Amino acid sequence: MSNPLASGSLSGSRALVTGSSRGVGADTAQFLAEAGARVVVNYRNKEKRALQLVSKIEENGGSAISIGADLTDPASVAEMLGTVQREFGGLDILVLNASGGMESGMAENYALLLNRDAQVDVLTQALPLMAPGSRVVFVTSHQAHFIRTTETMPEYLPVALSKRAGEDALRDLIPSLEEKGVSFVVVSGDMIEGTITATLLERSNPGAISSRRESAGKLYNVAEFAAEVALAAVEDIPDDNTRLVGDVSDFVAQA
1 MSNPLASGSL
11 SGSRALVTGS
21 SRGVGADTAQ
31 FLAEAGARVV
41 VNYRNKEKRA
51 LQLVSKIEEN
61 GGSAISIGAD
71 LTDPASVAEM
81 LGTVQREFGG
91 LDILVLNASG
101 GMESGMAENY
111 ALLLNRDAQV
121 DVLTQALPLM
131 APGSRVVFVT
141 SHQAHFIRTT
151 ETMPEYLPVA
161 LSKRAGEDAL
171 RDLIPSLEEK
181 GVSFVVVSGD
191 MIEGTITATL
201 LERSNPGAIS
211 SRRESAGKLY
221 NVAEFAAEVA
231 LAAVEDIPDD
241 NTRLVGDVSD
251 FVAQA
């Protein structure tokens with residue numbers, strides 16, 4: 001997948017991509033770095049993968065650092081952002097990509113803690129580091145964005161509801177962001193081939209992803225969707241602050 005961003009177009013910019021040791025976050029971080037941004041690769045417990053990604057970015061001429069943080073722990077978030085302040089001096093792009101809720105062994109309210117409360121906390125704590133002209137990108141799914149009008153797979157319902165709650169809570173912050181000159185955009189896509197969420201869904205509901213692929217006609221892969229997320233960091237913001245990726249006819253028809 002070629003980089004959708006022009007080489008050097010983000011020179012001098014500083015970006016933090018949450019949950020970027022693998023999947024969509026990792027590819028988004030690479031696209032931003034290739035365009036010239038200095039990038040923070042954030043991870044929760046995949047340090048080895050994060051370090052490998054940093055090495056790959058540096059080998060390709062980019063600049064990146066890795067910072068581990070549990071986004072559901074405000075103190076851990078504060079420590080991460082303190083490191084960002086010391087190393088980068090601020091932030092120009094914040095990509096809120098981290099999400100979850102289908103993992104085993106987590107607390108019953110983990111999906112809401114991560115997909116709503118942590119998103120708000122990360123943005124609130126990061127905002128003092130962001131100058132006018134900065135951009136916040138929240139990554140979600142059509143299954144979550146349209147959950148009020150379109151049913152989703154039962155296995156995904158807790159994630160969808162919590163991510164929609166997170167989107168709503170972040171949208172409530174738009175007036176305060178605009179006061180600081182910081183723009184906000186939601187990027188919503190269908191199920192993404194090759195992500196951990198798709199893998200877990202397929203494991204709990206065999207045939208779920210192939211069924212969704214058949215219904216949609218096409219599902220984006222990780223690199224294709226990451227390219228759309230990276231573009232959202234620089235493109236003009238739609239009037240409704242929402243960038244819908246791919247076909248949404250199955251969702252809009254029921255809205």
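Residues in the sequence shown are numbered from 1 upward in steps of one, following UniProt numbering.
Ideal Cβ positions, reconstructed from N, Cα and C, are used throughout, including at glycine.
The model shown is predicted, which means the values in this text are computed figures rather than measured ones.
Looking at Thr72 and Ala230, is the spacing between their C-beta atoms short of 8 Å?
Sequence index remark: in the sequence shown, residue 230 carries index 230 (1-based). Sequence index remark: in the sequence shown, residue 72 carries index 72 (1-based). Thr72 sits away from Ala230, with the two beta carbons spaced by 8 Å or more.
Assuming residue 262 contacts Ser188 under a Cβ cut-off of 8 Å, what Cβ separation, rounded to an integer in Å, is found between them?
Absent from the structure is residue 262, since the part of the chain shown begins at 1 and ends at 255.
Helix, strand or coil for Asn115, going by three-state DSSP, please let me know.
Residue numbering aside, residue 115 sits at position 115 when the sequence shown is read from its first letter. The three-state secondary structure of Asn115, taken from DSSP, is helix.
Report yes if the CB atom of Val120 is closer than 8 Å to the CB atom of Leu170, and no otherwise.
Along the sequence shown, read from residue 1 onward, the residue named residue 120 stands at position 120. Along the sequence shown, read from residue 1 onward, the residue named residue 170 stands at position 170. For Val120 and Leu170, yes; Cβs fall inside 8 Å.
From the DSSP output, in three-state form, read off Ala255 for me.
Position 255 of the sequence shown, counted from the start, is the residue given in the question as residue 255. Unreliable placement is indicated for Ala255, whose pLDDT of 49 sits below 50; the coordinate value is still reported in the next sentence. If DSSP states are grouped into helix, strand and coil, Ala255 belongs with coil.
What does DSSP give as the partner residues of Met130 in its beta bridges?
Residue numbering aside, residue 130 sits at position 130 when the sequence shown is read from its first letter. As DSSP reads the structure, Met130 sits in a beta bridge with Leu91.
Asn115 vs Val24 beta-carbon contact at 8 Å:
By one-based count along the sequence shown, residue 115 stands at place 115. By one-based count along the sequence shown, residue 24 stands at place 24. No. Outside cutoff.
Using a threshold of 8 Å, state whether the C-beta atoms of residue 258 and Ser66 are closer than that.
The structure shown has nothing for residue 258, since the chain only spans 1 to 255.
Could you tell me whether the stretch 11-19 touches the stretch 214-227, using the rule of 3 or more Cβ pairs below 8 Å?
Between the stretch 11-19 and the stretch 214-227, the count of C-beta pairs closer than 8 Å stays below three; the two stretches do not touch.
Length at least 4, wholly inside the stretch 135-205: the alpha helix (DSSP H) runs in chain order
As far as the stretch 135-205 is concerned, its whole alpha helix (DSSP H) runs of at least 4 residues are 142-145, 157-171, 174-179 and 196-204.
If you count every other CB in all the chains shown that lies within 10 Å of the CB of Thr124, and 16 or more means buried, which is it?
Within the sequence shown, the letter at position 124 stands for residue 124. Label assigned to Thr124: exposed.
Measure from the alpha carbon of Glu103 to the alpha carbon of each residue in Gly62, Val252, Arg135 and Glu155, then state which is nearest.
Position 103 of the sequence shown holds residue 103. Ranked by Cα distance from Glu103, the first of Gly62, Val252, Arg135 and Glu155 is Glu155.
Residue closest to Phe31, alpha-carbon to alpha-carbon, out of Ile209, Val245, Ala223 and Gly207
Residue mapping note: residue 31 aligns to position 31 of the sequence shown, counting from 1. Among Ile209, Val245, Ala223 and Gly207, the Cα nearest to that of Phe31 belongs to Ala223.
So for Gly25, helix, strand or coil by DSSP?
The residue you call residue 25 lines up with position 25 of the sequence shown. Gly25 falls in the helix class under three-state DSSP.
Within 10 Å of its beta-carbon, does Val252 have 16 or more other beta-carbons around it, so buried, or fewer, so exposed?
Taking the sequence shown and counting its residues from 1, the one referred to as residue 252 is at position 252. It counts as exposed.
Where Arg135 and Arg213 are concerned, what is the direct C-alpha to C-alpha distance, given to the nearest angstrom?
Sequence index remark: in the sequence shown, residue 135 carries index 135 (1-based). Sequence index remark: in the sequence shown, residue 213 carries index 213 (1-based). Distance between the alpha carbons of Arg135 and Arg213: 32 Å.
Report back the beta-carbon spacing between Met80 and Asn45 to the nearest angstrom; my notes put them in contact at under 8 Å.
Walking along the sequence shown from the start, residue 80 turns up at place 80. Walking along the sequence shown from the start, residue 45 turns up at place 45. That belief does not hold up - the Cβ atoms of Met80 and Asn45 are roughly 14 Å apart, past 8 Å.
Pick helix, strand or coil for Ile67, following the three-state DSSP scheme.
Along the sequence shown, read from residue 1 onward, the residue named residue 67 stands at position 67. Strand.
Quick one: Cα of Ser210 to Cα of Asp250, how far?
Reading the sequence shown from its first residue, position 210 is the one you call residue 210. Reading the sequence shown from its first residue, position 250 is the one you call residue 250. Distance between the alpha carbons of Ser210 and Asp250: 16 Å.
Going by C-alpha distance, which of Gln52, Val122 and His145 is nearest Lys163?
Here the question's residue 163 lines up with position 163 in the sequence shown. Looking from the CA of Lys163, the closest CA among Gln52, Val122 and His145 belongs to His145.
Using the Cα positions of residue 261 and Leu91, report the straight-line distance between them to the nearest angstrom.
Residue numbering for the chain in the displayed model covers 1 to 255; residue 261 lies beyond these limits and cannot be assessed.
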